[in-house]
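The opening position of the sequence shown corresponds to residue 1 in UniProt numbering, with each subsequent residue numbered one higher. Glycine is no exception: its CB is placed at the ideal position from the N, C-alpha and C atoms.
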Amino acid sequence: MQRATSAFLFTARSFSTSRSLASHLSSAASASASQSTPLLLRSSNGSLGQRMAMAVAASNQQTRCYAKKGGKAVKGGKKGANSDDDDDDDSNSRKGKGKSSGSASAGVMSFDPLDLEKKFSQCLERLKKDFTTMRAGTANPAILDPVMVKLEGKMVPLRDLAQVSIKDAKTLMVNVNDNELTAPIERAIREAGLNLNPIADNKAVRVPVPKPTKEFRESLTKMASASTEKAKTIIRKLRQDGMKDLKKDLKAGMSEDENYNLEKKAQTLHDKYIKDAEDALKAKTKEIMAN
1 MQRATSAFLF TARSFSTSRS LASHLSSAAS ASASQSTPLL LRSSNGSLGQ RMAMAVAASN
61 QQTRCYAKKG GKAVKGGKKG ANSDDDDDDD SNSRKGKGKS SGSASAGVMS FDPLDLEKKF
121 SQCLERLKKD FTTMRAGTAN PAILDPVMVK LEGKMVPLRD LAQVSIKDAK TLMVNVNDNE
181 LTAPIERAIR EAGLNLNPIA DNKAVRVPVP KPTKEFRESL TKMASASTEK AKTIIRKLRQ
241 DGMKDLKKDL KAGMSEDENY NLEKKAQTLH DKYIKDAEDA LKAKTKEIMA N
């Protein structure tokens, strides 16, 4: 009986010790696993082996996540490299745009057909205005436009000193504000070579327009012809300047076809305005000889 009691007590102590040891091992395993996957082990039920297996699985899964994140970092690195390449491309693109802009600036033409035509037209208009001063037998204020009056050693245009009006078909009136100007103006008109004999009258100068002599008519036609030749010379010079500009444009990169077409246009404009000047001279000569 005593032996049985002793054996029972030894067995109980062993069982208690075993349970205590198992409990200690379980607590240690739980503490170790809780450092890596605390939520998973605390909420899990079952044996120690099951919980350890679950902890290992969770650890492996977390490792894979780290590897995946590392892959993204590499991918991000590639993206960074590509971004640098893109920056280089943008830089090259901006450089390219700068070159293109420079080429456009260098491609501005020196020759402008519209500007050339404008200059031709202005030259022709000046010629026609000169013709208005060459009147024979008809009173026209423009006849006195060339008259210059000498005052205190200086030559002053008559139109700056007096107003010229038409009294009748054969008479012009020069209205003067200052009596002291009457004599100088009368003398200037008489000596202008216009075949006119002015008459001073207080603050006005009366200018009869006589029927022109044959010699005077011929003189007017020569004047008209000289003015026309001067205008034609200017038109030719303008065309020559245009041709020089076209040569510059050709060297600067203008196509030969475009250059050729613009040369033809310049020549066409030149020929047109030369003809217009000659036609204006013919009309003026006819008018002079008819009066």
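Ignore the nearest five residues each way along the sequence and tell me which others in residue i's own chain have a CB closer than 8 Å to its CB.
i: I189; result: L144, V147, L158, V174, L196, P198, V205 and V207
i: I166; result: A139, N140, P141, L172 and M173
i: E263; result: M243 and L246
i: D115; result: none
Under DSSP, the beta strand (DSSP E) around residue i begins and ends at which residues?
i: I166; result: A162 to D168
i: R206; result: A204 to P208
i: M148; result: M148 to L151
i: T171; result: T171 to V176
i: V108; result: Unbroken run through V108: none, as it is neither H nor E.
i: P157; result: K154 to P157
Using the Cα positions of residue i and residue j, report the straight-line distance between them to the nearest angstrom.
i: T149; j: P184; result: Correcting the residue type first, residue 149 is Val in the shown sequence and not Thr. Going by the C-alpha atoms only, they are around 6 Å apart.
i: I288; j: C123; result: 22 Å
i: M223; j: K272; result: 23 Å
i: V176; j: P141; result: 15 Å
i: E152; j: S227; result: 31 Å
i: N261; j: T285; result: 36 Å
i: D241; j: H270; result: 12 Å
i: K232; j: K214; result: 27 Å
i: F131; j: E117; result: 21 Å
i: T182; j: N202; result: 7 Å
i: K128; j: E256; result: 38 Å
i: K251; j: L161; result: 54 Å
i: Q163; j: S121; result: 29 Å
i: E180; j: E125; result: 36 Å
i: K230; j: D168; result: 34 Å
i: Q267; j: A192; result: 39 Å
i: K154; j: K119; result: 32 Å
Can you give the beta carbon distance from residue i to residue j, rounded, assuming they're within the 8 Å contact cut?
i: A200; j: K170; result: Incorrect: roughly 18 Å between the Cβ atoms, too far for contact.
i: N259; j: L238; result: About 18 Å separates the two Cβ atoms, so there is no contact after all.
i: I274; j: I235; result: 6 Å
Please list, in chain order, all residues of the same chain as residue i whose beta carbon is under 7 Å from its beta carbon, the five residues on each side excluded.
i: K248; result: S110
i: L281; result: A224, S225 and T228
i: R217; result: A136, I288 and M289
i: M134; result: L220, M223, A224, K284 and I288
i: K211; result: G137
i: L194; result: I143
Ordered along the chain, which non-local residues of its own chain (more than five positions away) have a Cβ less than 6 Å from that of residue i?
i: V156; result: V149
i: K265; result: P113
i: R64; result: Reliability of the predicted coordinates at R64 is poor, the pLDDT of 49 falling under 50, and no value is obtained from them.
i: V209; result: A139 and K170
i: E278; result: none
i: E186; result: P198, A200 and V205
i: D276; result: L124
i: D178; result: none
Start and end of the alpha helix (DSSP H) containing residue i?
i: N261; result: E256 to A290
i: L127; result: P113 to T132
Looking at the C-beta of residue i, does it have a partner C-beta in chain C at a distance below 7 Å?
i: K275; result: Protein chains in the displayed structure number just one, and chain C is not present.
query = For the segment 187-249, which segments carrying the beta strand (DSSP E) assignment without a break, of at least 3 residues, lie completely within its bounds, in sequence order?
reply = 199-201 and 204-208
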